[in-house]
Structure formats: structure tokens, C-alpha cells
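Asks: Dropping the structure in here first, questions after.
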Amino acid sequence: MPTPAEILQERLSDALQLLGFHPIAPIQVAPTADPIHGDYQTNIAMLLAKEVRGNPRDLASRIAEKTNVGDIGDPPEVAGPGFINFRLGVEFLAREVGAIARDSKLGVQAVPQPKKLIVEFSSPNIAKPMHVGHIRSTILGDAIARVARFVGHQVITDNHLGDWGTQFGKVIYAWKHYREDGALESDPMGELVRLYREADTRAKEDPSVLEECRLELVKLQQGDPENLEIWQRCAGLSRAEFSTIYEMLGIRFDEQLGESFYHPELPGMVERLLAKGVATESQGAIVIFDTEISETPFIIRKSDGGFGYASTDIATLEYRMQKWNPDGIWYVVGAPQQLHFRQLFGAARRLGYQVDLEHIAFGSILGEDRKLMRTRSGESVPLRELLQEAIDRAGKLVDEKNPALPKEDAAEIAKIVGLGAVKYAELSQHRMTDYVFSWSKMLSFQGNTAPYLQNAYVRSRAIFRKLDQAFELPGTIVLTEPAERTLAKKTLRFAEVVPSVLDGFKPNVLANFLFELAADYHVFYEQCPVLTAEGSAKASRLLLCDLFARTIKTGLELLGIAVPERM
RNA sequence: GCGUCCGUAGCUCAACUGGAUAGAGCGUUGGCCUCCGGAGCCAAAGGUUGUGGGUUCGAGCCCCGCCGGACGCACCA
Numbered sequence: 002m003p004t005p006a007e008i009l010q011e012r013l014s015d016a017l018q019l020l021g022f023h024p025i026a027p028i029q030v031a032p033t034a035d036p037i038h039g040d041y042q043t044n045i046a047m048l049l050a051k052e053v054r055g056n057p058r059d060l061a062s063r064i065a066e067k068t069n070v071g072d073i074g075d076p077p078e079v080a081g082p083g084f085i086n087f088r089l090g091v092e093f094l095a096r097e098v099g100a101i102a103r104d105s106k107l108g109v110q111a112v113p114q115p116k117k118l119i120v121e122f123s124s125p126n127i128a129k130p131m132h133v134g135h136i137r138s139t140i141l142g143d144a145i146a147r148v149a150r151f152v153g154h155q156v157i158t159d160n161h162l163g164d165w166g167t168q169f170g171k172v173i174y175a176w177k178h179y180r181e182d183g184a185l186e187s188d189p190m191g192e193l194v195r196l197y198r199e200a201d202t203r204a205k206e207d208p209s210v211l212e213e214c215r216l217e218l219v220k221l222q223q224g225d226p227e228n229l230e231i232w233q234r235c236a237g238l239s240r241a242e243f244s245t246i247y248e249m250l251g252i253r254f255d256e257q258l259g260e261s262f263y264h265p266e267l268p269g270m271v272e273r274l275l276a277k278g279v280a281t282e283s284q285g286a287i288v289i290f291d292t293e294i295s296e297t298p299f300i301i302r303k304s305d306g307g308f309g310y311a312s313t314d315i316a317t318l319e320y321r322m323q324k325w326n327p328d329g330i331w332y333v334v335g336a337p338q339q340l341h342f343r344q345l346f347g348a349a350r351r352l353g354y355q356v357d358l359e360h361i362a363f364g365s366i367l368g369e370d371r372k373l374m375r376t377r378s379g380e381s382v383p384l385r386e387l388l389q390e391a392i393d394r395a396g397k398l399v400d401e402k403n404p405a406l407p408k409e410d411a412a413e414i415a416k417i418v419g420l421g422a423v424k425y426a427e428l429s430q431h432r433m434t435d436y437v438f439s440w441s442k443m444l445s446f447q448g449n450t451a452p453y454l455q456n457a458y459v460r461s462r463a464i465f466r467k468l469d470q471a472f473e474l475p476g477t478i479v480l481t482e483p484a485e486r487t488l489a490k491k492t493l494r495f496a497e498v499v500p501s502v503l504d505g506f507k508p509n510v511l512a513n514f515l516f517e518l519a520a521d522y523h524v525f526y527e528q529c530p531v532l533t534a535e536g537s538a539k540a541s542r543l544l545l546c547d548l549f550a551r552t553i554k555t556g557l558e559l560l561g562i563a564v565p566e567r568m
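Positions in the first sequence are counted from 1; adding 1 to them yields our numbering.
What follows is the structure, given as C-alpha cells:
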């Protein structure tokens, strides 16, 4: 079923045909900023007036006159410099609300042309701790993948693990010299991290250690059995650690092909690029120059014969094209790597790949001092500890607000609220802004936070627990109160907002919508008693409550956030 | 130096891709509980959108110049 905006678009399109216009660009129909201008508006008359050098208001009147909206609402009005405003009528609203209430997807339609998309996100480095820096990619990527699936795309998520980098020389060196088996047993990941740091600091002090680390790496890459075994054990331990975090976060990947997976392909790939004339030799390295992008080259083989991540990323691209032939590959990776991706995409173009490549960049997470978030000792905050703290803090809050809850339920709720708070803090913000991490703000029950939205859901569900009979969708829907209409209109917009998340990759658009929806629900809740109402008023209000609950639940799920039934 | 991103209320952030009087939350001030969860609602105060030009019916958004910040610029990912 089309959304209100789409219906209006179609009617406008018909009117323009009658008047002899054939606009190429889609007709913009946007919700109005202020309800005094109605519910939806279009600026099409002003755009066309510019083209034909006519008077925008006159043109707007002619278009308005020919636009048939008798079954939708009031006759369109011309206002301001040439806007055409539309107001949705009560009958139309009731009809539409009834329709989306019967739709499992709440009116969200499948895209006309489903695409096959690969979404690469999270991508932590093995043998390094997963820290706050990874959380943005993880949460953002997951949300985008969920939305893309929901609107009908075929999505393959891939965790592009950094399991073959230079850091492994250090890890292996330290493994051989400083390993403590007891610690490895009790806290494997902690020990791995300790080993890496140990080698890292020693290498900085002593060039000979650095050289030995390099040699260990070379041995590994040449297939030395001992180093290979150490690498495999480290990789196994890291993956296990990552899995527990992903499980905690409710995130699943279709593929987890690490960089090591592509390693055997690298020499052949470099030869191919040389043969095609895409790559050239420079200062002993094999590089791709594209001065339109940057003076510095894209290094696909180092002068010492080794491979960096530029090479792996090209090999990965080739593999994906061969295996899946996708329409798009989306990389959810931090903004500092913009140059890398511009170069990668440039290389892909030269290789003749026809695929939509997107770097979905994002800003950094700052501490409350507005500097990159660190622990007191100056290290990056381990993700696992951060998530546990979120759960603990949420647990305390839930305990304060609702001490009567059974212990087991309280623990489950703490998890839902705590993790939801962390995710929502990310996703409610424009992805490019560096955002300030604040426990008190994200866990507040007021304002634009996950707990506020979850609580709105819980309140709406509480009504149904008090209901003495099963809820059934009513045949007739009455919307007499302004608060009912406002809520109904907002709910209809869900189907417009969800697909729009993908243009510009902005989950914060959905988050902000859910916040507005919850606010509208609270006004409705305040002004329209449900259980004490009677007849079709009661039935209609129950329907609004149910529809609200489903919408906020579905919306939060698209952001990867769960809702509790009580809290 | 070159490049990318950014600069909006005291603070944290929006602004549907160029639309009407720039909106929320927190904080501040003042109201609302015989009623479904007050974890809520209503109202007020708070702005020359860093700055100077330009483009046009119309600019927070596009173009140019400054100021201020973050990040990146040949073999680490």
C-alpha cells in the first residue's frame, strides 16, 4: 500500500499531466514543518514556475485546482510563495490506519528493485581488544543491514576481520618470549592483549626487537608451521571473544572472512594489475597512481614484497564480485579512512567493476572531556567492560524504579535497557558528528534516549494486561480527538521514514522519528483514557495503542534494540 | 602546505537533500496527580546558524574568501 506522500505524489503527477507538464525529477511531497500549513506540502509549483518563467502562485493555483484529493482530505491550499498544502481528512486517516494495522510491515513496502548488497562492518583486529572504537561500526552497520533487509534487499553481512596484519609479528614474538600459560588459561584475551602491548613497548625502545618482530611476521607469511600454529591459536581465542560480544549485542554475520582468507590471492592479483597496466612500479613498490584523488599512491605491494590492507581490500573486492556479483558493497568504516576508500573505489573503477561502492563513514566517540575516549590510564576502553557497565548501571536504575520485579526478569531487563541505551546513543545521532559518550545522558529516562522509548512501549503494553478480553482489530475506527489524529498521522509516516534511512545512511532519521512518535503517544495517553472509554472509541484507542506498540517495537528492532514488556 | 570532515540556544544534538516564523532534549522558571505506569504532560525564557561576500522567489544546507577545530597525506590497519 502506498504511503500518504506517495498517494499525493501520484495525484499531483496526474494534475501535471493534465496541465501539460512532464517533470523529470520526482515530485517532492514533504510533511509540513508546522501543522498550520496542513500535513503535507509540495514545492513543485515553484520549481516549475522557474522553468517556464511563470508566476509560482498562479501555477500553484492551477495545479491545486486539478489535483483530485476528494477522497484524501480538504481541497489543497496555496500558500506563501507558491506552496501547495494538503490536509488529511479523518475518514482517510481511519482507513489508512486500519490498513497498516493489518500489515505485518506496518505499511513499509518492498523496494521496486531489490538489490544484492554486501555490508562490511565491525571488522575488529585479532589479538587486539575490541574497544569503543569498534562499537560505532558494529552498531551502525548492523542497523543499516537490518533496514536494508526490511525494505526487501538481499543483504550479506561480512565481518572483515583484521587477522593478518603486521601486528602479528609482535604478537608472535611476545608469545615466544613473554607468554604466561596460567594467564592464557584464565583470561585468554587479556593475556593476548598484554602480549601485544609488551612487544609493542619493547619494540619502540629497542630497534632489534622491532626487527625480530618483522622477521616473525615474514616467517608467518611464508608459512612457517610454528608461527602458523601460534597465529591459529590467537585467531581462535579472539574469535571466541568476539562471538560473546556479538551474542551480547544480538548481532550476526553471514560471513566472517578475515584478511587472511584473501592472502593466497595477493601475488596473482598484483600480477594481474600490472599486466592490465593499472598498477606500476615506483620506488620498489607496486602502486596505483591516481593524481585526481591524491598525490600519494595506493600501495598494493610494499618494496619489501609484503602486502598491506590496500592489497587485501582489492582482493576482497574481486572475490566478492566473483562470488556474489553484488549491486552494492557498503563499507562501514571510520571517517579517517576516507582517502583509502576513495583510492580503493578508484582502483575498482579502473578494473572495470560496475558496482555501487559506498564508504559509510562516521565520527569518533569522545569522552566527557571532549577528547578521544580513554580510560584513566590512557588506554582505549575495552568494549566488553563498557557493555557490562551499561548493563550494571541499567540494572541499578531498574531496581530503583521497580524494586518489585522478580530477579531474573530484572536481569534480563537490565540487559535490554543497558545495551539499548548504548546503541541508541550512537544511532540517534548523525553518524558524522563526533559524539560525546555520557552514561547519565544515554541512561536518562527523559529526553531522546532508549529508556524513554522503551518505557513508552511498556506503558502501552500495560494497558493490554489490564484488558479483560482479547484485543481484536475493530471494524470501524473513529478518531475524534486531536491527539488521536496526530498520533495516527505520525504512525502513517513510519512507512515513509524507514526507506529514507538508506539514502544518506542515516539511522538517526528513524531514531528521531521514533522519539517524536513516543512523544505523540504520551500526549494521546494523557488526553485520551483508553480503558474507561466505551464502544468504538475504546476499540479505536486500543487499536492506536497496539499500533503504536508495534511501530515502536519494529522501529527499535531495525536499530538493533529490543524492548522489554515491563521495566 | 595539500586534502577530507566539521562549526547551530548555557550544554548535548536535529533540521526529510534549497522551502514558510531554525526545532528537540538536558539544565533554568512556572503550572498539572479522585484517571490505564507522573519513568508523564502543559507553558515560559533562551539564536545575527563561526565570519565576509556571491548565486535566487527563498540559503544552516550550494559557490568563493577568511577564522577556529578534528582527522588524513609512500610502504601500520
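Glycine residues also receive a C-beta, built at the ideal position from the N, C-alpha and C atoms. Note that this is a predicted model, so its numbers are computed, not measured.
Is the region 408-426 touching the region 444-464 in the sense that three or more CB pairs, one from each, lie closer than 8 Å?
Replies: yes
Asks: Tell me the start and end of each unbroken beta strand (DSSP E) in the region 150-199 that is at least 3 residues and wholly inside, in chain order.
Replies: 155-159
Asks: So what does DSSP say about N432, is it helix, strand or coil?
Replies: For the purposes of this step, residue 432 is identified with residue 431 of the first sequence, where counting begins at 1. It is Arg, not Asn, that sits at residue 432 in the sequence shown. It is coil, neither helix nor strand.
Asks: Taking buried to mean at least 16 other C-beta atoms within 10 Å of its own C-beta, is E242 buried or exposed?
Replies: By one-based count along the first sequence, residue 242 stands at place 241. By the neighbour-count rule (16 or more Cβ atoms within 10 Å), E242 is buried.
Asks: Buried or exposed for P24, please, with buried defined as at least 16 other CB atoms from any protein chain shown within 10 angstroms of its CB.
Replies: Residue numbering aside, residue 24 sits at position 23 when the first sequence is read from its first letter. Under this definition P24 is an exposed residue.
Asks: Which stretch, first to last residue, makes up the beta strand (DSSP E) that contains V79?
Replies: Residue mapping note: residue 79 aligns to position 78 of the first sequence, counting from 1. Run containing V79: 78-80, per the beta strand (DSSP E) assignment.
Asks: If we require 4 or more residues per run, which alpha helix (DSSP H) segments fall completely within the region 352-440?
Replies: Correct list: 384-402, 408-428.
Asks: Let me know if N228 comes out buried or exposed under the rule of 16 or more other beta-carbons within 10 Å of its beta-carbon.
Replies: Translated into positions along the first sequence, residue 228 becomes position 227. Classification of N228: buried, given that the 10 Å Cβ count is 16 or more.
Asks: Specify whether the region 325-334 and the region 115-128 touch according to this definition: at least 3 beta carbon pairs, one from each stretch, less than 8 Å apart.
Replies: yes
Asks: Where do the ends of the alpha helix (DSSP H) carrying E121 lie?
Replies: One-based indexing of the first sequence puts residue 121 at position 120. Where E121 is concerned, there is no enclosing alpha helix (DSSP H), although the beta strand (DSSP E) it sits in stretches over 117-121.
Asks: Under 8 Å by Cβ, that's how I've got D40 and K490 pegged, so tell me the actual separation to the nearest angstrom.
Replies: Within the first sequence, the letter at position 39 stands for residue 40. Within the first sequence, the letter at position 489 stands for residue 490. With a Cβ gap of about 6 Å, D40 and K490 count as contacting.
Asks: Alpha carbon to alpha carbon, how far is F346 from V338? Give it in angstroms, no decimals.
Replies: Looking up residue 338 in the first sequence gives position 337. Looking up residue 346 in the first sequence gives position 345. Checking the displayed sequence, the identity of residue 338 turns out to be Gln instead of Val. Rounded to the nearest whole angstrom, the CA to CA distance from Q338 to F346 is 12 Å.
Asks: Can you tell which of S441, V479, V30 has the C-alpha that lies nearest to the C-alpha of L94?
Replies: Position 93 of the first sequence, counting from 1, holds the residue named residue 94. It is V479.
Asks: Apart from the five residues on each side of it in sequence, which residues of its chain come closer than 6 Å, Cβ to Cβ, to V112?
Replies: Counted from its first residue, the first sequence places residue 112 at position 111. Excluding residues within five positions, the ones whose Cβ falls inside 6 Å are V152, G153.
Asks: Which one or two residues does DSSP pair with W331 in a beta bridge?
Replies: As a working note, residue 331 is residue 330 in the first sequence. Answer is V120, E359, bridged to W331.
Asks: Around the Cβ of K416, are there at least 16 other Cβ atoms within 10 angstroms (buried) or fewer (exposed)?
Replies: Counting from 1 along the first sequence, the entry for residue 416 is found at position 415. Buried, by the Cβ-count rule.
Asks: Can you tell me the Cβ-Cβ gap for A184 and G191, rounded? I've got them flagged as a contact below 8 Å.
Replies: Translated into positions along the first sequence, residue 184 becomes position 183. Translated into positions along the first sequence, residue 191 becomes position 190. With 8 Å as the limit, A184 and G191 qualify as a contact, their Cβ atoms being about 7 Å apart.
Asks: Which residues bound the beta strand (DSSP E) around E566?
Replies: Here the question's residue 566 lines up with position 565 in the first sequence. From DSSP, E566 is part of no beta strand (DSSP E); its letter is neither H nor E.
Asks: Can you tell me whether M433 is buried or exposed, with buried defined as 16 or more other CB within 10 angstroms of its CB?
Replies: Counting from 1 along the first sequence, the entry for residue 433 is found at position 432. Residue burial is scored here from C-beta neighbours: M433 has fewer than 16 other C-beta atoms within 10 angstroms and is therefore classed as exposed.
Asks: Is there contact between the region 483-503 and the region 101-110, where contact requires at least three CB pairs shorter than 8 Å?
Replies: yes
Asks: By the three-class DSSP mapping on this structure, what secondary structure does S295 have?
Replies: Here the question's residue 295 lines up with position 294 in the first sequence. Correct three-state label for S295: coil.
Asks: Got a sec? Which residues, its chain only, sit under 8 Å from A280 by beta carbon, not counting five neighbours each side?
Replies: In the first sequence, counting from the first residue as 1, residue 280 sits at position 279. Around A280: V271, L274, I287, V288, I289, I301.
Asks: Which runs of the alpha helix (DSSP H), 4 residues or longer, sit entirely within the region 493-535?
Replies: 495-501, 508-528
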